[in-house]
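**Student:** I have a structure here, written as structure tokens, and I will follow up with some questions on it.
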DNA sequence: TTTCGTCAGATAACGCCGTTATCTATGATG
DNA sequence: CATCATAGATAACGGCGTTATCTGACGAAA
């Protein structure tokens with residue numbers, strides 16, 4: 001009978017393709033990524049890629065999945081760090097922003113406007129859900145610990161959307177030269193939202209305590 | 001001597017090309033827009049387009065400019081409407097969101113991540129500046145009228161980024177099925193930011209007055 | 001009125017893209 | 001050792017953005 005690719009070989013092939021794709025996305029930009037180019041870098045023919053991925057979109061979906069997971073890793077690491085919930089939440093925010101600007105191609109890949117919907121229960125959908133859970137988790141904990149008082153899911157999405165808004169305006173170069181710097185906008189936004197949700201008990205200790 | 005295109009003919013040619021480009025962007029999506037396709041719709045050869053625009057990117061830049069101007073028109077109309085500054089500011093926000101979801105391709109065109117920088121003093125740069133001014137203007141007026149108290153530019157950018165964040169998450173389909181609806185997130189975000197900036201005098205009249 | 005120069009626009013072509021059809025060589029199984 | 005399904009190469013398709021080249025039409029000059 002034939003010589004079948006083992007599961008391990010398939011996995012390795014996919015991993016090699018993804019590695020090249022991610023490197024090229026960084027080097028030449030997401031939109032210049034091409035099947036021919038990836039194959040060239042591997043010393044393969046372009047058609048060989050189709051033994052490992054159904055088409056280009058499948059490669060992008062896998063790269064998106066990996067990007068989601070890397071983002072989640074960083075958010076979870078920040079959340080698992082030292083300090084009280086205030087400090088850790090701040091670190092989660094920093095991790096998000098750092099990820100975005102250290103990996104703009106990954107951030108773009110994840111949040112690009114035109115995206116084919118992910119198949120339900122696909123790896124991509126799961127990675128997306130994990131990232132969303134991480135974007136919610138720290139807010140839920142703040143509410144659970146009584147630091148702030150709000151509908152956790154709603155407030156989490158407000159935080160997330162706000163952060164994503166500044167990040168993506170900055171990335172798209174839509175903050176003109178007359179605009180305040182990115183970090184100023186971000187800090188002011190977060191400060192306003194936080195204060196709007198401070199629990200009565202936290203209001204005394206945090207609000208005054210945080211500003212010496 | 002030769003038969004030169006008059007300024008008017010050039011302007012008309014550019015207008016026809018743009019009209020087709022914008023229609024096709026709506027019909028088939030921004031990324032399927034092509035020089036060949038635009039020319040086909042015009043009954044021209046693809047190369048004829050190069051008599052009117054330097055290249056495809058120039059067409060996109062012109063379309064971006066037009067999109068910016070349409071957005072500005074709507075923002076200005078909302079700002080010029082009836083009612084006090086609270087009502088008009090609310091309408092500016094509605095105009096922004098309505099524009100985004102009624103013209104997703106235009107919104108995408110404007111706020112897409114990867115954008116070649118606009119040439120300084122180009123029509124595009126001017127249209128961009130006009131739109132940014134409109135995103136600032138209503139906040140400046142609120143501050144001027146004493147309704148709220150903040151650095152106008154900073155607060156305007158916080159509002160804008162927040163709104164853009166919810167809009168673009170929604171457009172990219174990144175708000176999962178477990179997320180609160182778009183309008184809920186938007187309203188909550190705007191409410192929180194507004195309250196954080198209410199001037200002491202407005203706090204009494206607005207905060208209580210606005211909730212019956 | 002004929003010639004001529006110049007430019008608008010068409011045709012052809014280039015190299016790239018994503019993808020499919022077809023071929024070839026391989027190596028485990030009978 | 002012969003067979004045969006398959007991995008991967010080669011070739012090809014239609015489409016892309018863009019450039020080179022050709023063609024034809026018109027205003028100025030003769």
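Protein chains in written order, with the numbering used here: chain A, 1 to 212; chain B, 1 to 212. Idealized CB from N, CA, C, for every residue including glycine.
1) If you measure between the beta carbons of residue 93(A) and residue 163(A), is that distance less than 9 Å?
2) What are the residues that DSSP puts in a beta bridge with residue 148(B)?
3) Decide if residue 178(B) is buried, meaning its Cβ has at least 16 other Cβ atoms within 10 Å, or exposed.
4) Among 52(B), 110(B), 79(B) and 53(B), which residue has its Cα nearest to the Cα of residue 95(B)?
5) Using C-beta distances below 6 Å, list every residue in its chain close to residue 125(A), excluding the 5 sequence neighbours before and after it, in chain order.
6) Compare the beta carbon distance of residue 100(A) and residue 185(B) with 9 Å and say whether it is the shorter of the two.
7) Taking the alpha helix (DSSP H) that residue 86(B) belongs to, which residues open and close that run?
8) In chain order, which alpha helix (DSSP H) runs of at least 4 residues are fully inside the region 114-150 of chain B?
9) Which residue's Cα is closest to the Cα of residue 203(A): 16(A), 152(A), 135(A) and 147(A)?
10) So residue 6(A) is in the alpha helix (DSSP H); what residue range does that whole segment cover?
11) Within 9 Å of any Cβ in chain B, is that where the Cβ of residue 128(A) sits?
12) Within 9 Å of any Cβ in chain B, is that where the Cβ of residue 141(A) sits?
13) Under 8 Å by Cβ, that's how I've got residue 128(A) and residue 182(A) pegged, so tell me the actual separation to the nearest angstrom.
14) For the region 14-28 of chain B, list every residue whose C-beta sits within 8 Å of some C-beta in chain A, in sequence order.
15) Is the beta carbon of residue 141(A) sitting closer than 9 Å to the one on residue 201(A)?
16) Compute the Euclidean distance between the alpha carbons of residue 17(A) and residue 66(A), then round it to the nearest angstrom.
17) Measuring straight from C-alpha to C-alpha, what distance separates residue 144(A) and residue 121(A)?
18) Residue 168(A) to residue 26(A), Cα distance in whole Å?
19) Work out the CA separation of residue 54(A) and residue 22(B) for me, nearest whole Å.
20) Just how far apart, CA to CA, sit residue 87(B) and residue 152(A)?
21) Can you give me the start and stop residues for the alpha helix (DSSP H) that residue 45(A) sits inside?
22) Buried or exposed for residue 188(A), going by 16 or more other Cβ atoms inside 10 Å?
23) Quick check on the DSSP output: the alpha helix (DSSP H) that includes residue 60(A) runs from which residue to which?
24) To the nearest angstrom, how far is it from the Cα of residue 109(B) to the Cα of residue 199(B)?
25) By the criterion of Cβ-Cβ separation under 8 Å, what are the contact partners of residue 54(A) in chain B?
26) State yes or no: is the beta carbon of residue 59(A) nearer than 9 Å to at least one beta carbon in chain B?
27) Once the 5 residues before and after residue 36(A) are set aside, which same chain residues still bring their CB inside 7 Å of it?
28) Alpha carbon to alpha carbon, what distance is there between residue 113(A) and residue 40(A)?
29) Do residue 75(B) and residue 135(B) come within 9 Å of each other at the CB atom, strictly closer than that value?
30) Express the C-alpha separation of residue 52(A) and residue 14(A) in angstroms, rounding to a whole number.
31) Using the three-state DSSP reduction, which class does residue 154(B) fall into: helix, strand or coil?
32) Of all the CB atoms in chain B, is at least one closer than 9 Å to the CB of residue 151(A)?
33) Which value, in whole angstroms, describes the spacing of the CA atoms of residue 73(A) and residue 131(A)?
34) Any C-beta of chain B sitting closer than 9 Å to the C-beta of residue 62(A)?
35) Going by alpha carbons, who is nearest to residue 105(B) out of 156(B), 71(B) and 138(B)?
36) I need the DSSP call for residue 52(B), collapsed to helix, strand or coil.
**Tutor:** Let's see:
1) yes
2) 198(B)
3) exposed
4) 79(B)
5) 118
6) no
7) 85-102
8) 123-144
9) 147(A)
10) Here residue 6(A) belongs to no alpha helix (DSSP H), and DSSP marks it neither H nor E.
11) yes
12) no
13) No, residue 128(A) and residue 182(A) are not in contact; Cβ-Cβ is about 25 Å, not under 8 Å.
14) none
15) no
16) 13 Å
17) 29 Å
18) 18 Å
19) 32 Å
20) 29 Å
21) It is not in any alpha helix (DSSP H) - residue 45(A) carries neither H nor E in the DSSP assignment.
22) buried
23) 56-79
24) 37 Å
25) What residue 54(A) touches in chain B: nothing, since even the nearest Cβ is about 19 Å away.
26) no
27) 46
28) 29 Å
29) yes
30) 6 Å
31) helix
32) yes
33) 9 Å
34) no
35) 71(B)
36) coil
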